[in-house]
Amino acid sequence: MKLQVATAPPPFWDDFVAAHGGSLFQSRRWEAVLEHGYGGSPLYSWLSGPGGARLGVLGVIIDLVVCRIFYAALPVGGLLGDRSLIREALPLLERELRKRGVHQAQLIEPN
Numbered sequence: 000m001k002l003q004v005a006t007a008p009p010p011f012w013d014d015f016v017a018a019h020g021g022s023l024f025q026s027r028r029w030e031a032v033l034e035h036g037y038g039g040s041p042l043y044s045w046l047s048g049p050g051g052a053r054l055g056v057l058g059v060i061i062d063l064v065v066c067r068i069f070y071a072a073l074p075v076g077g078l079l080g081d082r083s084l085i086r087e088a089l090p091l092l093e094r095e096l097r098k099r100g101v102h103q104a105q106l107i108e109p110n
């Protein structure tokens, strides 16, 4: 498995969200709200393997005065896809976020 990261939505993103029961808050349409409404930089990340994307998340990197935060919970969000891959994906995502200068990550799972 390999973690893929992009600042622009990959072509398959909305189909991936729909196939895994996601919502508007995880779709490409929400990216504009994250970018313009919250003043952050959207970040798409997904774990890819045989057959394409297996687990993914849309979040936003917000630069505050004292730190940089990755937030995937505006107002809901979280990981989509094969949840059995979370333990494999999170350390890879953390490494990528640290490369981007992120100090803290917040992922809130929907009910």
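For the sequence shown, numbering that gives the first Met the number 0 gives the first residue as 0, with consecutive numbering after it.
Ideal placement from N, C-alpha and C gives every residue a C-beta, glycine not left out.
Model, not experiment: these values are computed from the prediction.
**OP:** Rounded to whole angstroms, what's the CA-CA distance from W5 to A18? Just pull it up for me.
**Re:** As a position in the sequence shown, residue 5 is number 6, starting the count at 1. As a position in the sequence shown, residue 18 is number 19, starting the count at 1. One point to set straight first is that residue 5 is Ala, not Trp, in the sequence displayed. Whole-angstrom Cα-Cα distance: 20 Å.
**OP:** Would you mind sorting Q25 into buried or exposed? The rule is 16 or more other CB atoms within 10 Å of its CB.
**Re:** Along the sequence shown, read from residue 1 onward, the residue named residue 25 stands at position 26. Residue burial annotation: Q25 is buried, with at least 16 other C-beta atoms found within 10 angstroms of its C-beta.
**OP:** Let me know if Y43 comes out buried or exposed under the rule of 16 or more other beta-carbons within 10 Å of its beta-carbon.
**Re:** Here residue 43 refers to the residue found at position 44 of the sequence shown. Counting Cβ neighbours within 10 Å, Y43 comes out buried, since at least 16 surround it.
Original post:
Taking the alpha carbon of A31 as the point to measure from, which residue in V59, M0, D14, G55 has its own alpha carbon closest?
Top reply: As a position in the sequence shown, residue 31 is number 32, starting the count at 1. Taking the Cα of A31 as reference, the smallest distance to any Cα among V59, M0, D14, G55 is reached at V59.
**OP:** List the whole-angstrom C-beta distance separating L54 from G76, where the pair is believed to meet the contact cut-off of C-beta under 8 Å.
**Re:** Here residue 54 refers to the residue found at position 55 of the sequence shown. Here residue 76 refers to the residue found at position 77 of the sequence shown. So it is not a contact: roughly 13 Å between Cβ atoms.
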